[in-house]
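Chemist:
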Amino acid sequence: MPNTATVSGKFVDTDGNAVAGGKIVATLVGTDAWEDGARIVTSTESATTGADGNWSLDLAVNGEGRNASTTWTFTGYGPDVNKVFEVKGVFIPVAVAALLNDLEVTSAGNIKAAKDNSLVRVITALNYAEYLALPAGQRRDNDLVVIVPGV
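Here my numbering runs 1029 ahead of the position in the sequence shown, where the first position is 1.
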């Protein structure tokens, strides 16, 4: 089975107020095979936002798939169950905690880099030690590690 990474974020309204009791749903899109022969075809995970609007989910790492052919779609629902946002094509490259906003920005390039080892991946981490703690097979010499405090 693939490793997981914690993806997190903060749900706020247009006035900057935390949305408590909202729901974040992450759906795996596509199918891929992992090293151990497992094939995952669907997965849906969800979290309820806290009083401060924060949420987190532990999700399968797309970058470990043999073909890098899966992504995540995130959908946010307000407490009244109305859909308020959707983010498609989110690619988790390695098993390091990341903010949804950062993954949204880096996903397109990291999908290409997963299929072509000569391309640079952009990895966000709380600190460089967190990145170095990844198994050697998950790190690349040409990774660009961006330190993002508070991931």
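In this text, a Cβ means the ideal position worked out from N, Cα and C, and glycines have one as well.
Could you tell me how far apart the beta carbons of Thr1060 and Ile1069 are, in whole angstroms, since I believe they sit closer than 8 Å?
Modeler: The pair is a contact, with the Cβ atoms about 7 Å apart (cut-off 8 Å).
Chemist: If I measure Cβ to Cβ from Asp1087 and keep anything under 6 Å in the same chain, skipping five residues before and after, which residues do I get?
Modeler: Here the set comprises Thr1033, Thr1035.
Chemist: Under a three-way DSSP split, which group does Ala1055 fall into?
Modeler: It is a strand residue.
Chemist: CA-CA distance, Asp1100 and Leu1155?
Modeler: The sequence shown places Thr at residue 1100, rather than the Asp named in the question. For Thr1100 and Leu1155, the distance between alpha carbons rounds to 23 Å.
Chemist: Please classify Leu1098: does DSSP put it in a helix, a strand, or coil?
Modeler: Here the sequence assigns Ser to residue 1098, which means Leu is not the residue at that position. Looking at Ser1098 - three-state DSSP - the assignment turns out to be coil, as it is neither helix nor strand.
Chemist: Whose C-beta lies closer than 7 Å to the C-beta of Asp1131 among residues of the same chain, with five residues either side of it excluded?
Modeler: Result list for Asp1131: Thr1153, Val1177, in chain order.
Chemist: Enumerate in chain order the residues of its own chain whose CB-to-CB distance from Ala1049 is below 8 Å, with the five nearest sequence positions on each side excluded.
Modeler: The answer, listed in chain order, is Thr1078, Gly1079, Ala1080, Asp1081, Gly1082, Pro1108.
Chemist: Let's test the definition: count the other Cβ atoms within 10 Å of the Cβ of Arg1095 and tell me whether it reaches 16, buried, or not, exposed.
Modeler: Classification of Arg1095: exposed, given that the 10 Å Cβ count is below 16.
Chemist: Of the residues Pro1031, Ala1127, Glu1133, Ala1142, which one's Cα is nearest the Cα of Glu1115?
Modeler: Ranking Pro1031, Ala1127, Glu1133, Ala1142 by Cα distance to Glu1115 puts Glu1133 first.
Chemist: On the DSSP letters alone, give me the boundaries of the alpha helix (DSSP H) that Ala1158 sits inside.
Modeler: Counting along the chain, the alpha helix (DSSP H) containing Ala1158 begins and ends at 1157 to 1161.
Chemist: Could you check if Thr1135 is buried or exposed, using at least 16 other CB atoms within 10 Å of its CB as the buried criterion?
Modeler: Classification of Thr1135: buried, given that the 10 Å Cβ count is 16 or more.
Chemist: How far does the alpha helix (DSSP H) with Ile1140 in it reach, from first residue to last?
Modeler: Unbroken alpha helix (DSSP H) run through Ile1140: 1129 to 1144.
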